[in-house]
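Undergrad: Pasting in a structure now, in structure tokens, and then I'll have a few things to ask.
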Amino acid sequence: MPEPIPQDGPRARRHDPQRRDRIIDACLDVVVAQGVAGTSHRKVAAAAGVPLGSMTYHFAGMDELLREAFTRFATAASGQFERRLGAARTPQEAEAAVVALITGDVLTTRRDLVLTSELYTLAAREPAFRDLTNRWMARSRAALERHFDPVTARLLDALIEGLTLHRALDTEPHDAATTAEAVKRITRAVR
């Protein structure tokens, strides 16, 4: 019978190059389930399937982890915005893209709604998160400015934000024709 190998030295660290990314994704999952206030290192580590010590190895604290997680979320949302508007070639297609963003692209899932709401709440209290939302809005306006002047882009961005939240939170279905009319009123006013 072979003798057991003694375990004198430190255990070898398992190579896990995706661990940091899994932690960030798990953080977003925990925020959706528990809210920012209910998010902890322990809960995120459990959701990511990593040892608790991985949290402090990869992130200086919860603020850094939340900033990374919300940055990932905002970047993905901005990317969808840029793709939709980037495909538009005419003013009419750009208007249709704005309607599509409001009626079907932005905040289409409960997850997106919760994450957006949690980020906005943080941004209302914490300057570092306000900087993140400002960068997100700047990317949205830059995508709109490919087709509209800066003032119209700002008005459309606010319309997208407001109508999207209304659509996501309202108990009555929203009419795409009403949304299209709102977009036309804003764009027509500046032509």
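Okay, so the sequence shown: first residue is 778 according to the numbering used here, each after it adds one. In this text, a Cβ means the ideal position worked out from N, Cα and C, and glycines have one as well.
Flag this pair as touching only if the segment 829-837 and the segment 877-895 have three or more C-beta atom pairs under 8 angstroms; answer yes or no.
TA: Flag = no, the segment 829-837 and the segment 877-895 do not touch.
Undergrad: Since E938 is in the alpha helix (DSSP H), which residue starts that stretch and which ends it?
TA: As a position in the sequence shown, residue 938 is number 161, starting the count at 1. Looking at the DSSP string, the run of the alpha helix (DSSP H) that includes E938 is 927-946.
Undergrad: Does the CB of R844 have a neighbour CB from chain B at under 7 angstroms?
TA: You won't find chain B in this structure, because it holds only one protein chain.
Undergrad: For A825, which residues of its own chain have a beta-carbon under 6 angstroms away from its beta-carbon, when the five flanking residues on both sides are left out?
TA: Locating residue 825 in the sequence shown gives position 48, where the first residue counts as 1. So the qualifying residues of the chain are R799, I800, A803.
Undergrad: In angstroms, rounded to a whole number, what distance separates the CA positions of T941 and L842?
TA: Position 164 of the sequence shown holds residue 941. Position 65 of the sequence shown holds residue 842. T941 and L842: Cα-Cα distance of roughly 27 angstroms.
Undergrad: Hey, quick one: how far does the alpha helix (DSSP H) through P794 stretch, first residue to last?
TA: What you label residue 794 is simply residue 17 of the sequence shown in a count that begins at 1. Neither: P794 is in no alpha helix (DSSP H) and is coded neither H nor E.
Undergrad: Skipping 5 residues on each side, what residues in its chain have a beta carbon closer than 8 angstroms to that of A905?
TA: The count along the sequence shown starts at 1 and reaches residue 905 at position 128. Cβ within range, chain order: D840, R844.
Undergrad: Between V821 and V807, how many whole angstroms is the CB-CB distance? I'm expecting something under 8 angstroms.
TA: By 1-based counting over the sequence shown, the position of residue 821 is 44. By 1-based counting over the sequence shown, the position of residue 807 is 30. Between V807 and V821 the Cβ distance is about 5 angstroms, and since that is below 8 angstroms, they are a contact.
Undergrad: What do you get for E895, buried or exposed, if any count of 16 or more other CB atoms within 10 angstroms of its CB means buried?
TA: Position 118 of the sequence shown, counting from 1, holds the residue named residue 895. It counts as buried.
Undergrad: Assess, as a yes-or-no matter, whether the segment 886-895 is touched by the segment 914-923 under the definition of 3 or more beta carbon pairs within less than 8 angstroms.
TA: With the cut-off at 8 angstroms, the segment 914-923 and the segment 886-895 do not touch.
Undergrad: Expressed to the nearest angstrom, what Euclidean distance is found between the alpha-carbon atoms of S855 and L805?
TA: Translated into the one-based positions of the sequence shown, residue 855 becomes position 78. Translated into the one-based positions of the sequence shown, residue 805 becomes position 28. Computed Cα separation, rounded: 17 angstroms.
Undergrad: According to the Cβ coordinates, are A920 and L862 closer than 7 angstroms?
TA: Counted from its first residue, the sequence shown places residue 920 at position 143. Counted from its first residue, the sequence shown places residue 862 at position 85. Yes, these two residues count as a Cβ contact at 7 angstroms.
Undergrad: Could you check if H943 is buried or exposed, using at least 16 other CB atoms within 10 Å of its CB as the buried criterion?
TA: Here residue 943 corresponds to residue number 166 of the sequence shown, with the count starting at 1. When all chains shown are included, H943 counts as exposed.
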